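Visitor: Take the sequence shown: its letters are residues 1436 to 1878, numbered as in the numbering used here.
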Amino acid sequence: MARIGVFICWCGANIAETVDSGEVARYGLTLPGVVVSEDYKYMCSDPGQRLITDAIEKHKLSGVVVASCSPRMHETTFRRTVANVGMNPYMFEMANIREHCSWVHHDRRQATEKAQDLVRLMVQKVRRNVPLDDIEVPVTQRVMVIGAGISGIQAALDVAQAGYEVVLVERKPSIGGHMSLLDETFPTLDCSQCILTPRMVEIMQSQNITLRTYSEVEQVDGYVGNFEVKIRQKARSVDMDKCTGCGDCWNACMARNKIQLPQRRSVVDATPPDVVTKVDAILDRYTDRAGNRPLKAGGVIGILQDVQIEFNYLQQDAMLYLSEKSGIPLSQLYAVARFYHAFSLTPRGKHIIRVCLGTACHLKGGGSIADAITRELGIDHGETTDDQMFTLERVNCLGACALAPVVTVNNKYHGKMTVGKMMGLIDELVKKPEPVEAAEAAG
1436 MARIGVFICW CGANIAETVD SGEVARYGLT LPGVVVSEDY KYMCSDPGQR LITDAIEKHK
1496 LSGVVVASCS PRMHETTFRR TVANVGMNPY MFEMANIREH CSWVHHDRRQ ATEKAQDLVR
1556 LMVQKVRRNV PLDDIEVPVT QRVMVIGAGI SGIQAALDVA QAGYEVVLVE RKPSIGGHMS
1616 LLDETFPTLD CSQCILTPRM VEIMQSQNIT LRTYSEVEQV DGYVGNFEVK IRQKARSVDM
1676 DKCTGCGDCW NACMARNKIQ LPQRRSVVDA TPPDVVTKVD AILDRYTDRA GNRPLKAGGV
1736 IGILQDVQIE FNYLQQDAML YLSEKSGIPL SQLYAVARFY HAFSLTPRGK HIIRVCLGTA
1796 CHLKGGGSIA DAITRELGID HGETTDDQMF TLERVNCLGA CALAPVVTVN NKYHGKMTVG
1856 KMMGLIDELV KKPEPVEAAE AAG
């Protein structure tokens, strides 16, 4: 019969601040097969590891579950710990309640319940585990890279420079892939050949790389470390040892390789009519009498500001249509939009509420204020209410620690904030009447 021990780590405040570690430990005792369940500040510490080994010896445990941080960080540590007292290391399992619970949740109750679910899953897994032995198998010190685009070329060079033999397979007659067809490359706007050609030369000169062009993989057998691959190399009808690259054979070829780039459909057809009308009106402001749009420094910023004012954010349809109509590359528009924090690519409310969760504000209840706003408005960090009235942002610093806890509403600072004062401020904003525009007199 399984005798399993469950150990819950606080990870200092990383886990315990959001997950009730004690409650998770008590829940662990209710699971079938669990005979001991404890929580501790740092399970990875020497005292924490002794807690595990002592429990294994005292309760004659057959399996162990540790709920803590990422297995990538400490799975090896804990497997070594249980192995030191005679337990098979593969009778140990780890539940990640830091990255999967604490760091991705604000609600303590929900985070705790999710941690309990993960612990229950790992306990069931340990009950079905069987002891395993480590084995060693010989590994072929040779690598095959399939595809000789820029990624495949760089991968082959990296492995070859590490001293291993590489077979680089490309199904086309030449290497370079799509990058060789480009005129310029982002973000430096260098010509693609300036970057690609030196690497292509390195491929040909490397003693550790065997290049197979005009070849395709037909069959793969074996397992990790010992694959057997069958490659079919197509007939070239050219003696590659005598080839000088003159291109005469290519000119005489009856089946030339014609590059056919797909035709991109115009975005105009798919753009909503109201977006077309509004963006056209904005572009007209930047058009001279000759019909030109002399976009000087700052012109793109001005256009994006007008678009954001019109739509309340940089709407995707508007950005696509703006790029096609103005001739400004879409990458340039998004580069400017992402660089300046004043621009938003998602819908934002009329009132932007920012709650500081820095050290000073957190200690004085900033988190409680943010949680209260979430409950009141039904939105979390980065979200906007359905009526487009409020957007909530949790930030690390607002530069006013002396006024902690601090909240800003539409960039106006409100210090010494409390939950009650925040609820009152929201009520005022909800009840605040919209400004009445003067109606034009009919002629």
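Where is the CB? At the ideal position from N, CA and C, for every residue including glycine.
Only a predicted model underlies this, so the values are computations on that prediction, with no experimental measurement involved.
#1: Would you kindly report the start and end of the unbroken beta strand (DSSP E) that includes GLN1668?
#2: Identify the continuous beta strand (DSSP E) that holds GLY1657 and give its terminal residues.
#3: Is the distance from the Cβ of PRO1858 to the Cβ of ALA1805 below 9 Å?
#4: If you count every other CB in all the chains shown that lies within 10 Å of the CB of CYS1446, and 16 or more means buried, which is it?
#5: Taking just the CA atoms, how far does SER1472 sit from LYS1493?
#6: Helix, strand or coil: how does DSSP classify ALA1595 here?
#7: Among HIS1816, GLN1740, ALA1795, which one has its Cα closest to the Cα of ALA1835?
#8: Please return the same chain residues whose Cβ sits closer than 7 Å to the Cβ of ALA1705, not counting the five positions on each side in sequence.
#9: Can you tell me whether GLN1668 is buried or exposed? The criterion is at least 16 other CB atoms within 10 Å of its CB, across all chains shown.
#10: Closest by CA to GLY1737, which one among PHE1778, PRO1707, PRO1764?
#11: Tell me the rounded alpha-carbon separation between ALA1877 and LEU1827.
#12: Helix, strand or coil, according to DSSP, for MET1579 in the structure here?
#13: Per the DSSP calculation, HIS1786 is bridged to which residue(s)?
#14: Between which residues of its own chain and LYS1731 is the CB-CB distance below 8 Å, once the five residues before and five after are set aside?
#15: How is PHE1442 classed by DSSP in three states: helix, strand or coil?
#16: Using only alpha-carbon positions, find the residue among CYS1678, ASN1531, ASP1481 that is nearest to SER1505.
#17: Is the Cβ-Cβ distance between VAL1499 and LEU1464 less than 9 Å?
#18: Do three or more CB pairs link the segment 1621–1632 to the segment 1648–1656 at distances below 8 Å?
#19: Just checking, does the segment 1517–1532 make contact with the segment 1579–1589 on the three C-beta pairs under 8 Å criterion?
#20: Let me check one thing: in DSSP terms, what residues is LEU1603 bridge-paired to?
#21: Select from VAL1673, SER1456, LEU1833 the residue whose C-alpha is nearest the C-alpha of PRO1608.
#22: Counting only runs that start and end within the segment 1496–1568, where is the alpha helix (DSSP H) found for 4 or more residues in a row?
#23: Check whether the Cβ atoms of TYR1748 and LEU1798 sit closer than 9 Å, and answer yes or no.
#24: With three or more beta-carbon pairs closer than 8 Å as the criterion, would you say the segment 1544–1563 touches the segment 1588–1595?
#25: Can you tell me whether DSSP reads CYS1836 as helix, strand or coil?
#26: So for SER1609, helix, strand or coil by DSSP?
#27: Check whether the Cβ atoms of GLU1605 and ILE1644 lie closer than 9 Å to each other.
#28: What's the call for THR1453, buried or exposed, on a 16-neighbour Cβ count within 10 Å?
#29: So what does LEU1791 bridge to, in DSSP terms?
#30: If you draw a straight line from the alpha carbon of PHE1825 to that of ILE1450, how long is it in whole angstroms?
#31: Could you check what DSSP says for GLU1818 in three-state terms: helix, strand or coil?
#32: If you draw a straight line from the alpha carbon of VAL1469 to that of TYR1462, how long is it in whole angstroms?
#33: Checking 9 Å against the spacing of the C-beta atoms, do GLY1660 and PRO1764 come in under that value?
#34: According to the Cβ coordinates, are PRO1707 and ASP1752 closer than 9 Å?
#35: Please state if the CB of PHE1621 and the CB of SER1766 are separated by a distance shorter than 9 Å.
Guide: Taking the coordinates as given:
#1: 1661–1668
#2: 1650–1658
#3: The question names Pro, but residue 1858 is Met in the sequence shown. Their beta carbons are not under 9 Å apart, which means MET1858 does not touch ALA1805 by this criterion.
#4: Buried, since its Cβ has 16 or more Cβ neighbours within 10 Å.
#5: 13 Å
#6: helix
#7: ALA1795
#8: Leaving aside the five residues that flank ALA1705 on each side, none in its chain has a CB nearer than 7 Å to its CB.
#9: So GLN1668 counts as exposed.
#10: For the set PHE1778, PRO1707, PRO1764, the Cα lying nearest the Cα of GLY1737 is the one of PHE1778.
#11: Because ALA1877 sits at a pLDDT of 39, beneath the cut-off of 50, its placement in the model cannot be relied upon, and the following sentence gives the value as read from the coordinates. Using only the alpha carbons, I get a separation of about 42 Å.
#12: strand
#13: PHE1825
#14: Residue placement at LYS1731 is poorly supported in this model, since its pLDDT is 49, which falls under 50; the coordinates still yield a value, given next. Cβ neighbours of LYS1731 beyond the five flanking positions: none.
#15: strand
#16: ASN1531
#17: no
#18: Touching, no.
#19: no
#20: VAL1580, LEU1646
#21: VAL1673
#22: 1506–1518, 1543–1563
#23: Not in contact: TYR1748 and LEU1798 (Cβ atoms no closer than 9 Å).
#24: no
#25: helix
#26: Three-state DSSP puts SER1609 in coil, outside helix and strand.
#27: For GLU1605 and ILE1644, no; Cβs fall outside 9 Å.
#28: It counts as buried.
#29: It is Cys, not Leu, that sits at residue 1791 in the sequence shown. Bridge partners of CYS1791: VAL1830.
#30: 30 Å
#31: coil
#32: 10 Å
#33: No, they are not a contact pair.
#34: In this structure, PRO1707 lies near ASP1752, with their beta-carbon atoms less than 9 Å apart.
#35: yes
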